[in-house]
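Residue numbers (my numbering): 4 to 81. Using N, Cα and C, we set each Cβ at its ideal position, and we do this for glycine too.
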Amino acid sequence: YAETIEKEVEVKMLEEDISDSLAGINSDYRKLIELKWKTQKSNKDIADLLDSTEGAVKQKLYRARKALKTKMRQMEGS
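Printed below as a string of C-alpha coordinates:
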(Lines of atoms letter the chains of each structure in order from A; the text may use other names.)
(Lines give C-alpha, C1' and ligand atoms only; values in the text may rest on other atoms or scores of the structure.)
Protein backbone atom coordinates (compact mmCIF):
# COMPACT_ATOMS: atom_id res chain seq x y z
CA TYR A 4 0.00 0.00 0.00
CA ALA A 5 2.81 2.42 0.86
CA GLU A 6 4.46 1.70 -2.52
CA THR A 7 1.23 2.59 -4.31
CA ILE A 8 0.95 5.90 -2.49
CA GLU A 9 4.61 6.66 -3.16
CA LYS A 10 4.17 5.98 -6.88
CA GLU A 11 1.05 8.15 -7.00
CA VAL A 12 2.98 11.01 -5.39
CA GLU A 13 5.86 10.58 -7.85
CA VAL A 14 3.45 10.65 -10.81
CA LYS A 15 1.74 13.77 -9.44
CA MET A 16 5.09 15.51 -8.99
CA LEU A 17 6.16 14.59 -12.52
CA GLU A 18 2.86 15.89 -13.92
CA GLU A 19 3.43 19.18 -12.07
CA ASP A 20 7.01 19.41 -13.39
CA ILE A 21 5.78 18.83 -16.94
CA SER A 22 3.02 21.42 -16.57
CA ASP A 23 5.47 23.98 -15.18
CA SER A 24 7.91 23.25 -18.01
CA LEU A 25 5.17 23.49 -20.65
CA ALA A 26 4.33 26.96 -19.39
CA GLY A 27 7.90 28.02 -20.14
CA ILE A 28 8.16 26.95 -23.78
CA ASN A 29 6.99 28.48 -27.05
CA SER A 30 3.18 28.63 -27.19
CA ASP A 31 3.06 26.89 -30.59
CA TYR A 32 5.10 23.99 -29.21
CA ARG A 33 2.93 23.88 -26.09
CA LYS A 34 -0.21 23.69 -28.22
CA LEU A 35 1.21 20.81 -30.27
CA ILE A 36 2.19 18.85 -27.18
CA GLU A 37 -1.21 19.37 -25.62
CA LEU A 38 -2.98 18.26 -28.78
CA LYS A 39 -0.80 15.18 -29.06
CA TRP A 40 -0.75 13.95 -25.45
CA LYS A 41 -3.62 15.54 -23.58
CA THR A 42 -6.24 15.09 -26.29
CA GLN A 43 -4.59 12.03 -27.91
CA LYS A 44 -4.84 13.48 -31.43
CA SER A 45 -3.01 11.77 -34.27
CA ASN A 46 -0.43 13.62 -36.34
CA LYS A 47 -2.93 13.63 -39.21
CA ASP A 48 -5.67 15.12 -37.01
CA ILE A 49 -3.28 17.78 -35.74
CA ALA A 50 -2.19 18.59 -39.31
CA ASP A 51 -5.84 18.97 -40.33
CA LEU A 52 -6.59 21.22 -37.35
CA LEU A 53 -3.59 23.43 -38.06
CA ASP A 54 -3.99 23.36 -41.84
CA SER A 55 -0.54 21.80 -42.13
CA THR A 56 1.06 18.55 -43.29
CA GLU A 57 1.81 15.45 -41.23
CA GLY A 58 5.50 15.87 -42.01
CA ALA A 59 5.50 19.41 -40.66
CA VAL A 60 3.64 18.29 -37.54
CA LYS A 61 6.14 15.47 -36.93
CA GLN A 62 9.05 17.89 -37.26
CA LYS A 63 7.43 20.47 -34.96
CA LEU A 64 6.57 17.79 -32.39
CA TYR A 65 10.19 16.67 -32.40
CA ARG A 66 11.29 20.26 -31.76
CA ALA A 67 8.59 20.72 -29.12
CA ARG A 68 9.70 17.60 -27.22
CA LYS A 69 13.30 18.78 -27.41
CA ALA A 70 12.33 22.22 -26.06
CA LEU A 71 10.32 20.60 -23.25
CA LYS A 72 13.22 18.33 -22.29
CA THR A 73 15.59 21.30 -22.25
CA LYS A 74 13.21 23.32 -20.08
CA MET A 75 12.75 20.42 -17.66
CA ARG A 76 16.52 20.04 -17.34
CA GLN A 77 16.86 23.76 -16.65
CA MET A 78 14.18 23.60 -13.96
CA GLU A 79 15.79 20.53 -12.45
CA GLY A 80 19.11 22.35 -12.16
CA SER A 81 17.68 25.42 -10.46
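Taking a contact to require three or more Cβ pairs closer than 8 Å, the segment 43 to 59 and the segment 6 to 19 do not qualify as touching. Around the Cβ of Y4, a 10 Å sphere holds fewer than 16 other Cβ atoms; the residue is exposed. In the DSSP assignment, K41 falls outside any alpha helix (DSSP H), carrying neither H nor E.
A check of alpha carbon separations from M75 across K63, D20, D31 and I36 identifies D20 as the nearest. Note that the C-beta distance between N46 and K34 is not below 9 Å.
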